[in-house]
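Everything below concerns the one structure shown next.
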Amino acid sequence: MKENIVKNLHAACPWVDTLHWHYETESTNTDAKRLARAGAPQGTVILAGRQTGGRGRMGRTFLSPEGTGIYLSLILRPEEKAARLQHLTCAVAVAVCDAIEVSCGFRPRVKWINDLVWKGKKLGGILTELSLAADGSVAYAIVGIGLNVSAVPEGVADMADCLCSAAGKTLDPAKIAAALIEALWRMDLSRKASLMDRYRADCLTLGREVVLLRGDEKLYGKALALTDDGSLTVQLADGTTITAASGEVSVRGMYGYL
Ligand code: BTN
Numbered sequence: 007m008k009e010n011i012v013k014n015l016h017a018a019c020p021w022v023d024t025l026h027w028h029y030e031t032e033s034t035n036t037d038a039k040r041l042a043r044a045g046a047p048q049g050t051v052i053l054a055g056r057q058t059g060g061r062g063r064m065g066r067t068f069l070s071p072e073g074t075g076i077y078l079s080l081i082l083r084p085e086e087k088a089a090r091l092q093h094l095t096c097a098v099a100v101a102v103c104d105a106i107e108v109s110c111g112f113r114p115r116v117k118w119i120n121d122l123v124w125k126g127k128k129l130g131g132i133l134t135e136l137s138l139a140a141d142g143s144v145a146y147a148i149v150g151i152g153l154n155v156s157a158v159p160e161g162v163a164d165m166a167d168c169l170c171s172a173a174g175k176t177l178d179p180a181k182i183a184a185a186l187i188e189a190l191w192r193m194d195l196s197r198k199a200s201l202m203d204r205y206r207a208d209c210l211t212l213g214r215e216v217v218l219l220r221g222d223e224k225l226y227g228k229a230l231a232l233t234d235d236g237s238l239t240v241q242l243a244d245g246t247t248i249t250a251a252s253g254e255v256s257v258r259g260m261y262g263y264l
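This is the structure:
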């Protein structure tokens with residue numbers, strides 16, 4: 007697999023030298039954290055054929071069966087305060103959409119903030135994790151991406167889809183992985199405003215009726231706007247607005263929310 011990814015990677019991409027492939031691991035994000043703590047440089051990429059403990063946002067499990075998906079983590083070392091990197095997940099989502107468009111022939115949409123979606127079903131997701139230094143700067147960021155490529159994990163077929171069925175053809179996972187690495191390499195986090203404009207165009211949540219989950223509380227409203235930090239502004243039923251920087255949002259008509 008590693009040789010095929012390298013073969014498909016842009017010749018100028020320096021990350022080819024720090025590419026790790028594991029047949030099986032618990033979680034590539036956990037591996038990336040371990041490597042980052044040990045000093046691994048920006049551009050270290052870890053891929054696995056299978057994860058036994060794949061992690062998603064909000065403490066969820068990301069099912070990662072063998073041979074049917076891409077499980078990838080990347081170490082970034084942005085020279086920024088965490089407060090100036092709140093758009094990171096959105097920037098990664100745009101890069102993932104670019105990579106899927108180039109390698110699969112269609113562009114998915116994004117359900118705020120991190121779900122890659124095709125026709126109402128989840129194709130995969132993004133988990134970004136930051137480690138902060140004492141002065142609030144980012145020591146390292148781990149960007150984790152999981153995509154269903156040739157099949158959907160058992161038990162989630164009502165909510166999930168895979169890239170091959172969305173594209174209507176067989177796809178080469180090595181080409182998709184190479185396209186992902188290249189899109190992430192080209193990602194320029196300093197171009198916040200234009201990245202966020204692109205994210206707004208990819209985001210299906212805007213304009214939709216949503217439920218914002220905050221702890222045990224459910225807030226019903228309409229998703230009105232996205233700030234340049236990637237926060238979602240929701241107008242509640244009583245006319246007030248609330249801006250959410252994180253948390254979970256269900257979109258009416260998707261994933262079983264009617
Ligand atoms: C989500 O849907 O909530 C995010 C899923 C992110 C899954 C990827 S797979 C590669 C990396 N390793 C993990 O344990 N998680 C991320």
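Numbering (my numbering), first residue to last: 7 to 264. Where is the CB? At the ideal position from N, CA and C, for every residue including glycine.
Can you name the start and end residues of the beta strand (DSSP E) that residue i belongs to?
i, result
"isoleucine 81", "75–82"
Looking only at DSSP bridge pairs, what is residue i linked to?
i, result
"alanine 147", "Leu82, Leu136"
"tryptophan 27", "Leu53"
"alanine 250", "Leu238"
"lysine 128", "Val123, Ala166"
"valine 255", "Leu218"
Give the secondary structure of residue i by DSSP, where H, G and I count as helix, E and B as strand, and everything else as coil.
i, result
"valine 162", "coil"
"threonine 211", "coil"
"arginine 63", "helix"
"leucine 91", "helix"
"valine 155", "coil"
"serine 70", "coil"
Between which two residues does the alpha helix (DSSP H) containing residue i stretch?
i, result
"valine 98", "94–110"
"valine 12", "8–14"
"arginine 115", "Per DSSP, arginine 115 belongs to no alpha helix (DSSP H); it is in the beta strand (DSSP E), 115–117."
"leucine 266", "This structure does not reach residue 266, given that the chain is present from 7 up to 264, and the question cannot be answered."
"alanine 18", "Run containing alanine 18: none; DSSP gives neither H nor E here."
"alanine 42", "34–43"
Assuming contact is defined by CB atoms lying nearer than 9 angstroms, are residue i and residue j in contact in what I supplied?
i, j, result
"isoleucine 52", "alanine 180", "no"
"asparagine 154", "alanine 173", "no"
"glycine 266", "leucine 80", "Because the chain spans 7 through 264 in this model, residue 266 falls outside it and cannot be assessed."
"threonine 74", "serine 156", "yes"
"leucine 212", "leucine 225", "no"
"valine 144", "proline 84", "yes"
"isoleucine 187", "leucine 15", "yes"
"glutamine 57", "glycine 152", "yes"
"threonine 36", "glycine 65", "no"
"leucine 122", "alanine 88", "no"
"aspartate 235", "histidine 93", "yes"
Which complete beta strand (DSSP E) runs does the stretch 187–247 hold, if anything under 3 residues is left out? 215–220, 223–232, 238–242
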